[in-house]
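Note that the protein sequences, when read in sequence, are chains A and B. Per this note's numbering, the very first residue in the first sequence carries number 1; after that it's consecutive. Per this note's numbering, the very first residue in the second sequence carries number 1001; after that it's consecutive.
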Amino acid sequence: MSGRLIALLITGLTVVLVIIGCIFPISAAYATPEGAPKPTHPLSTPQGAVEDLFQQLQHRDWHGAYESLANRNQFTEQDLVRDLVGSYSSLRSYATLDGFEVRPLHTSGDEAEVRAGLRWATVVGSFEDVRTLKVTRAGDKWEVAWPIQKEARVPPQVIPVNYLRWDVIYRGAEDDWGAQDAEAPHVRIIDMHPVARGGGVVLLGELLNEDVVPAFVTVKATLLGKNGGAMGTEDAFDKISHILLPKQVTPFRIDFRSIRLKDVDSVRMSPSASLVAASADPVIEIQDQNLSSAPQAKLSGQLLNQSGQVVNIAHVLGTFYDNNGQLVWVADEYANRALLPQTPVPFSIDVPADLAHEVSRYRVVTSTYMSSRI
Amino acid sequence: MRAPAFTLATALLLSSCLGLAAAQDISLHAPASVQAGDAVSIQTGGSGKAVLYIVGPGQVVRRDIQLGETISLEAGEMHDAGHYIVALAGSSSTQTADLVVTSATEPTKVNFLAKPSRLAVDRKNAISGVAYVFDAFGNLVLRPTKVSFDLSENGSATRSEEATSHNGVAWVRLDSAQKAGRADFEVRAGNVSVKRIVQQVPGEPCTLHMNARAVGDRVELQTDPLRDCAGNPVPDGTIVTFKETYGGDETTVDVPLKRGIAQTSVPMRQGANISVATGVVIGNEIRWSGR
C-alpha cells in the first residue's frame, strides 16, 4: 500500500469522525465560554432539574449551582460550599462527587419532592449523603430548593487542656554498640479468630498495648498451607487503630480474598510495635451508640470532641462480639466532617446482614488525625 | 589481611628452602610476649642487609634492616593482641620467631549492655547487665578483672553486685525494685565507668474506683488516683474507659490518666449504668439515680 493511499484513508477517517462527533456529541464535551458545563438534563422535569444541579456539583461549579437554586435568598454561596465540602479541612474537602441517584417521591402541580443519594469518593472509600429536595416550577422550568445544613460554629473561647505527650530520644550514630535504644513498646494479641467469608479468609483479632508508652502498631499475618508453605501474607492496613496509648486495645481485621479456609493449616501472626512521639489528646466521646437490627443492621452513634482542637478526620472502628464474647466482625467508617470542639458528628457502621443476628455486644474506638500534626 | 599473610608465608617457605641450600649466618632474638602498646626490641645477628617482617592478626610491619643491629618498635606500634610471626629474611636464608602480644591489664573502655531499658517493678532477675572490658587499643582484657554493677533508684540505696570477667566479659542479673522510677545502672571496671538508664514502671492498676456527680445536664466522672499493688502511681497517659449504658444505647469515652486521675463527663440519664475499666482491670459500677 502506498503512502499516499494511507494518508488519504487517515484524512477520510478523520472527516467521518468529526461529522459523527458533531451529530452525536457527548455531554462532557459541552462547555460555556467560562468553562462551566451546560445543562444536559431537561429542566422541564423535577428529576432533570435535580440531576442538572448535581452535575454542576460534580464539576465543582459552586456558583452555577448556587445561582440555579430556588431558595438561594435563604443562604449565601459560601454556606452552600461549607455544607458540601465543610468549613474545616476534612474528608469532604478532598472528596469528589462520584455519582448520584435521584428518586422522585411525589409530584403535585408546581411542587415535587425528590430523594437524592450523593456518592462521594475519597481515598479511604466512598460515603453517601442522602438529601430530600423540594423542587418547584418557575415558569417553564423546575428549580431545586437546597436543604441547607449549616455547619455548627464554635463560639470564640479558651478551652484549658492539660496537654500530655510523649517524646522519644532515640539512639544516636555516635553511641557505642553497647548503648541500648529506648525499648520498643510491648504489645500483645489478646484475641485472634479466623473466619471464612465471601470465598476468602478473614482474620479478626484484638491487640493490647500493655506498656506504659504509646505504640505505633501494625499486624501482619501469613496463612500456612497443609504442606507448611506460605499461602499469602496480608496486613490490617486501615482496619486497625495504628496509634495505641498505654492499656488501649484496638481491633484488627485482615482480609485474604482468594484463599479458602479449608486449605489453611495454621496462621503466623506478626504484630509489630515501635515507639513514637504521641499525644494523649484529643479525647473523643462516642455517645448514643446503638445497634439497629437486620436486614439493614448498623451501629450508629455520635462522636463528640471533648478537647479544644479541631479533629480533621476521625476513624471509627467497631468490634462486634457474640453472646460468648467471641469476635464476630470488625468494621470501620470515617467521619466525613471535621470534629469541632463539643459538636456531635454522627457515624454509622454497616454490619453484614448475615452476621447481625449473632451480635450481642460491641465496642467502638476512634483514632484521630489533625492537619496541624501531619 | 589473609592474602598478604599467605604471600608472606609462601615467600618465607621458599626462602627457608633456599636457606638450606646456601645457609647464611643470621640470627633473630625476639621477646616471647609483650603487652599491647609496649615498645619492642628485636635483636638480629649476622652481616649484610635483610628485611624484617612482623605479621599479626591486625597488622603487618615491614622494615629494611642492617643485620646485627637491634630493631626497636616504639610504644603503641604493636597494638592488636594476638599471635604474631617475626621473620627475618636475609639474601639467602630466613629466621622466624613467635611473638605473643597480650592485651593491656588495665581496662580503658567498657561496653555495657543493659536490658531491658524499661520494665515493670518487682520482677525477679529481670535486669541483665553485660560488660565487655577493653584496653586502650580495643583488645578484650582477657585477664580476670573485677567489675562492679550498681543499680541506684531515686532516693533509695544503691544495689551493688560484683563479678569477675571471664574472657573479657562479666555479667549480672538483678531484680527490679518495688518502687517505680528511673534507675541508674552503672558498671565500673578499674577507673572506667559507664551508665545506662533503666525505667522501672508500675504494674497493672490494683484497684479502680470512680465517683460521679451531676454537673448541668451531664454526669461528671472521676477516678481515684490509680496505683499498682505496690503503691506506685499508674503512669499518666494510661487509657481508662468509661461506659454508660442506658436502655439499648451506650456511650463510651477513652480517657488518658492525667496527674494520676481520669475524668470526663457523659450525658445524664436517669437509671443509666456507668462502669469503668482500664486494660484488663474492671472498676466499680454506678447506677445513676439523679444525685
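All residues carry an ideal CB built from backbone N, CA and C; glycine is no exception.
Taking a C-beta distance under 7 Å as the contact criterion, Ala278 (chain A) and Phe252 (chain A) do not qualify as a contact pair. Setting aside the 5 residues that flank it on each side, Gln1059 (chain B) is surrounded in the same chain by Asp1080, each with a C-beta closer than 7 Å to its C-beta; the list follows chain order. Looking only at B:Ile1286, B:Val1133, B:Val1172 and B:Leu1088, the smallest Cα-Cα distance to Asn1273 (chain B) is reached by B:Ile1286.
Approximately 7 Å separates the beta-carbon atoms of Ser348 (chain A) and Glu333 (chain A); this is inside 8 Å, confirming the contact. Every beta strand (DSSP E) of 3 residues or more that sits fully in the region 309 to 360 of chain A is shown, in chain order, as 313 to 321, 327 to 335 and 345 to 350. Across the set A:Ala356, A:Gln302 and A:Ala338, the C-alpha of A:Ala338 shows the shortest separation from the C-alpha of Asp83 (chain A). In this structure, the alpha-carbon of Val1110 (chain B) lies about 10 Å from that of Val1147 (chain B). Contact between Leu303 (chain A) and Ala335 (chain A) holds: their C-beta atoms lie close to 6 Å from each other, under 8 Å.
As for any beta strand (DSSP E) of minimum length 3 sitting wholly inside the region 1060 to 1099 of chain B, the runs are 1060 to 1066, 1070 to 1073 and 1082 to 1089, ordered along the chain.
Residue state for Phe1149 (chain B) is assigned as strand, using DSSP reduced to three classes. Per the Cβ contact rule, the region 156 to 168 of chain A is not in contact with the region 122 to 130 of chain A (fewer than 3 Cβ pairs under 8 Å). Within the same chain, Cβ atoms closer than 8 Å to the Cβ of Gly1203 (chain B) are found at Ala1120, Val1121, Asp1122, Asp1228, Cys1229, Ala1230 and Asn1232, the five residues on either side in sequence being excluded. Glu77 (chain A) and Arg119 (chain A) have their C-alpha atoms spaced approximately 22 Å apart. Against Ala182 (chain A), the close residues of chain B are Ser1117, in the order they occur along the chain (beta-carbon pairs closer than 7 Å). Here the alpha carbons of Leu1221 (chain B) and Thr132 (chain A) stand approximately 40 Å from one another.
For Phe1242 (chain B), the enclosing beta strand (DSSP E) covers residues Ile1239 to Tyr1246. In the DSSP assignment, Glu1106 (chain B) falls outside any alpha helix (DSSP H), carrying neither H nor E. Using a Cβ-Cβ cut-off of 9 Å, Asn1111 (chain B) is close to Asp176, Trp177, Gly178 and Ala179 of chain A, given in chain order. The C-alpha of Val1130 (chain B) lies about 28 Å from the C-alpha of Pro214 (chain A).
Restricting attention to A:Glu234, A:Phe216, A:Asp79 and A:Thr218, the CA atom closest to the CA of Ala152 (chain A) is found in A:Asp79. When C-alpha distances from Val114 (chain A) are compared across A:Arg103, A:Val123 and A:Asp263, the shortest belongs to A:Arg103.
Closer than 7 Å to the CB of Thr1245 (chain B) there is not a single CB belonging to chain A. Along the length of the region 61 to 98 of chain A, whole beta strand (DSSP E) runs at least 3 residues long do not occur.
If you check each beta-carbon in the region 148 to 169 of chain A against every beta-carbon of chain B, the ones closer than 8 Å belong to Asn162, Leu164 and Trp166. Here DSSP, grouped into helix, strand and coil, assigns Asp263 (chain A) to helix. Using a Cβ distance threshold of 7 Å, Ala1050 (chain B) and Ala1089 (chain B) count as a contacting pair.
Interface residue (Cβ-Cβ distance to chain A less than 7 Å): Ile1261 (chain B) is not classified as such. Think of a sphere of 9 Å around the beta carbon of Arg1196 (chain B): the chain A residues whose beta carbon falls inside it are Gly178, Ala179 and Gln180, in chain order.
Within the region 265 to 285 of chain A, the residues whose Cβ lies closer than 7 Å to any Cβ of chain B are, in chain order, Ala280, Val283 and Glu285. Against chain A, the CB of Thr1096 (chain B) has no partner CB under 7 Å away; the residue lies outside that interface. Shown here for Asn1154 (chain B): same chain residues with a beta carbon closer than 7 Å to its own, the five before and five after excluded, namely Gly1181 and Arg1182 in chain order. Around Ala1114 (chain B), the beta-carbon contacts reaching into chain A at under 7 Å are Gln180.
Of the residues assessed, Tyr170 (chain A) falls on the exposed side of the cut-off, its CB having fewer than 16 other CB atoms within 10 angstroms. By alpha-carbon distance to Leu244 (chain A), the top candidate from A:Thr96, A:Thr368, A:Ile259 and A:Ala196 is A:Thr368. Taking each of A:Gly64, A:Pro147, A:Ser108 and A:Leu5 in turn and checking the Cα distance to Phe75 (chain A), the smallest one comes out for A:Pro147. Only Leu1257, Lys1258, Arg1259, Thr1264, Ser1265, Val1266, Pro1267, Thr1278, Gly1279, Val1280 and Val1281 from the region 1257 to 1285 of chain B bring a Cβ to less than 9 Å from some Cβ of chain A.
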